[in-house]
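Enquirer:
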Amino acid sequence: ELEEINGLGVQLAVVIGGGNIFRGAGLARAGMDRVTADHMGMLATVMNALAMQDALESRGLHARVMSAIRINEVCEDYIRRRAIRHLEKGGW
Numbered sequence: 120e121l122e123e124i125n126g127l128g129v130q131l132a133v134v135i136g137g138g139n140i141f142r143g144a145g146l147a148r149a150g151m152d153r154v155t156a157d158h159m160g161m162l163a164t165v166m167n168a169l170a171m172q173d174a175l176e177s178r179g180l181h182a183r184v185m186s187a188i189r190i191n192e193v194c195e196d197y198i199r200r201r202a203i204r205h206l207e208k209g210g211w
């Protein structure tokens, strides 16, 4: 569906979540430290984003992964202005 929409010339930004792997709130309710649970949820989000990036790029579409958690070897740091500049430049 994303490829079809992109083919129409529509620029897309996709926000990914990690709830299918971990839900921080649920883990915290089960007794895990809330901060640890939230961190696990954020890492799950990055994992899903990397999977989506790979799927898009295997179809010839350009994709970027940005995260508020610093994982420089894996994805770009999320900086609002940088994200806006990426969108302004296009590339999808």
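Just so we're aligned, residue 120 is where the sequence shown starts under the numbering used here, counting upward by one. All C-beta atoms in this analysis are idealised placements derived from N, C-alpha and C, irrespective of residue type, glycine included.
With contact counted as at least three CB pairs below 8 Å, one residue from each stretch, are the region 136 to 151 and the region 179 to 192 in contact?
Expert: Touching, no, given that fewer than three Cβ pairs across the two stretches are closer than 8 Å.
Enquirer: Taking only runs that begin and end inside the region 124 to 205, name each unbroken alpha helix (DSSP H) of 4 or more residues, in chain order.
Expert: Whole alpha helix (DSSP H) segments, 4+ residues: 143 to 148, 153 to 177.
Enquirer: From the DSSP output, in three-state form, read off residue 207 for me.
Expert: Residue 207 falls in the helix class under three-state DSSP.
Enquirer: Which same chain residues, not among the five before or five after residue 141, have their C-beta less than 7 Å away from its C-beta?
Expert: Excluding positions up to five away in sequence, the list reads 159, 160, 163.
Enquirer: Identify, in the order they occur along the chain, each residue of the same chain with its Cβ nearer than 8 Å to the Cβ of residue 172, setting aside the five sequence neighbours on each side.
Expert: Excluding positions up to five away in sequence, the list reads 182, 183, 184.
Enquirer: Leaving aside the five residues before and after residue 195 along the sequence, list all residues of the same chain whose C-beta is less than 6 Å from its C-beta, in chain order.
Expert: Within the same chain, residue 195 has close Cβ partners 185.
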